[in-house]
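**Q** Going down the list, the protein sequences come from chains A and Z. When the letters of the first sequence are read in order and numbered with the working numbering, they come out as residues 4 to 173. When the letters of the second sequence are read in order and numbered with the working numbering, they come out as residues 4 to 173. Just so it is clear, CB atoms sit at the ideal spot from N, CA and C, and this is done for glycine as well. Structure below; questions to follow.
There are 2 protein chains.
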Amino acid sequence: MAKEKTALKIADTPVDAETRVHDDHHQSLRLWLRLLTCTNQIEIAIRQNLQSRFGTTLPRFDLMAQLERAPEGLKMSELSQRMMVTGGNVTGVTDGLEKDGLVVREVDSADRRVFRVKLTAEGGRQFQRMAAEHERWIIDLFGPLGMKQKRQLGELLGELKTHVNQRRNG
Amino acid sequence: MAKEKTALKIADTPVDAETRVHDDHHQSLRLWLRLLTCTNQIEIAIRQNLQSRFGTTLPRFDLMAQLERAPEGLKMSELSQRMMVTGGNVTGVTDGLEKDGLVVREVDSADRRVFRVKLTAEGGRQFQRMAAEHERWIIDLFGPLGMKQKRQLGELLGELKTHVNQRRNG
DNA sequence: AAAAGATAATTGACACTTCAAGTATCCAGA
DNA sequence: TCTGGATACTTGAAGTGTCAATTATCTTTT
């Protein structure tokens, strides 16, 4: 903080709006860079693990993870929402998983426009194996942080998320 | 924390390793999800802004940002390192920027394998305009967080980054 | 019930990304 | 000097992502 520079008891001269704003600029930028770097590093680690251990990718894993929590299956549009990607994208990833027999499209009898996508038995088994390791990777990566710090980090990110969503939707 | 469940003074029965581990699992996973969501939301906002205001993309902006700090130009391999992407990727993005006259490849007289990539005058002007707005977006997104919280978040992310790097390189 | 409008999913064009393979150039040693 | 190995960059294939346009199916309105 700007305060450090005035450790001597000089009257609190406006170390001034300008300087503070300037510092804030750089602080926010640095913070963003650091946030981005952290996330990217972790994501790269997970991608590499998924690739080397299971020959699969993050989007595929992500799609299967969504289905695992929905035994009745999910519509393409629901997958799209939950994965936060566009519909066209879901089509492609689903195609790949279906070709490998990990997932099936079942036509919805009530509405012939929709597909219900489900994990196959094989897909379910494979996901279980992957999920177990995936969880271990995450714990290894975040573990050294300590309970208290994790809670703190979670709270700060929660606030950030709120602000970002307000800014984007409001 | 598991402690909350034992507010009553029951002897500190091992609220137990298993429960605690279980909680930690979920805590780490939740934390990772939240970190990912935050970063993605911000990144999406920036991408949209770059697209709507300047008709450009984050990789292009990123590449120009690297060059802006290196008036002597950068080698393709240096760009690759700094942007943390593979060389093949830099080729493509550079091609696009060069076609638009924002960047030039100059052959290095000392080593004919090397290109020095530089911002053109036009590229420099355009980058200045983009950088100013970009900084404002970031400040708007992180601003509501408060000086102290930003510092705290920065520190926590710093630790996380350290651990992740150790895990990945060590 | 026919037309109009909304919704579900796919397609195709383009951008970004990785990886592996290829080309050109440099450098070091016989 | 020339040969072998490293280095710099490009290329091409495949996956992921967006967007806009299309097709198929519902739903609503008249």
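Quick one, are the C-beta atoms of residue 64(Z) and residue 77(Z) less than 8 Å apart?
**A** Not closer than 8 Å, so no.
**Q** Would you list the one or two residues that DSSP bridges to residue 57(A)?
**A** According to DSSP, which records beta bridges pairwise, residue 57(A) is partnered with nothing at all.
**Q** Report, in whole angstroms, the separation of the C-beta atoms of residue 160(A) and residue 166(Z), which I expect to be a contact under 8 Å.
**A** At roughly 17 Å, the Cβ-Cβ gap does not stay under 8 Å, so residue 160(A) and residue 166(Z) are not in contact.
**Q** Grouping DSSP H, G and I as helix and E and B as strand, with all else coil, what is residue 105(A)?
**A** Three-state result, residue 105(A): coil.
**Q** Please say whether residue 106(A) and residue 123(A) have beta carbons closer to each other than 8 Å?
**A** Yes.
**Q** Would the stretch 55–71 of chain Z count as touching the stretch 130–137 of chain Z if we require 3 or more Cβ pairs under 8 Å?
**A** The stretch 55–71 of chain Z is in contact with the stretch 130–137 of chain Z.
**Q** List the residues that DSSP assigns as beta-bridge partners of residue 118(A).
**A** DSSP output for residue 118(A) lists 110(A) as bridge partner(s).
**Q** Among the candidates 74(A), 73(A), 91(A) and 126(A), whose CA atom is the shortest distance from the CA of residue 80(A)?
**A** Of the listed residues, the one whose Cα sits closest to residue 80(A) is 91(A).
**Q** Tell me where the alpha helix (DSSP H) around residue 127(Z) begins and ends.
**A** Element bounds for residue 127(Z): 124–145.
**Q** Residues of chain Z with CB under 9 Å from residue 147(A), in chain order?
**A** Under the 9 Å cutoff, chain Z gives 162, 163, 165, 166, 169 and 170.
**Q** Is residue 164(A) closer than 8 Å to residue 2(Z) when the C-beta atoms are compared?
**A** For residue 2(Z) there is no data in the structure shown, the boundaries of chain Z being 4 and 173.
**Q** Counting only beta-carbon atoms, is residue 81(Z) nearer than 8 Å to chain A?
**A** No, residue 81(Z) lies away from the interface with chain A (no Cβ there is under 8 Å from its Cβ).
**Q** State the start and end residues of the unbroken alpha helix (DSSP H) segment that holds residue 81(Z).
**A** Note, residue 81(Z): alpha helix (DSSP H), 79–86.
**Q** Less than 8 Å separating the beta-carbons of residue 145(Z) and residue 34(A)?
**A** It is a contact, given that the beta carbons lie within the stated cut-off.
**Q** Check the Cβ of residue 157(Z) against every Cβ in chain A and list those closer than 8 Å, keeping chain order.
**A** Simply 30, 33, 34 and 37.
**Q** Using a Cβ cut-off of 8 Å, pull out every chain Z residue sitting near residue 143(A), in sequence order please.
**A** Ordered by position in chain Z, the residues that pass the 8 Å Cβ test against residue 143(A) are 170.
**Q** Can you confirm whether residue 40(A), when its beta carbon is compared against all beta carbons of chain Z, has any partner nearer than 8 Å?
**A** Output row for residue 40(A): interface = yes.
**Q** Alpha carbon to alpha carbon, what distance is there between residue 49(A) and residue 112(Z)?
**A** Answer to the nearest angstrom: the Cα atoms are 42 Å apart.
**Q** Let me know the secondary structure DSSP gives residue 170(A) once reduced to three states.
**A** Note: residue 170(A) maps to helix in three-state DSSP.
**Q** Output the distance between the C-alpha atoms of residue 139(A) and residue 32(Z), rounded to the nearest integer angstrom.
**A** Rounded to whole angstroms, residue 139(A) to residue 32(Z) spans 10 Å at the Cα level.
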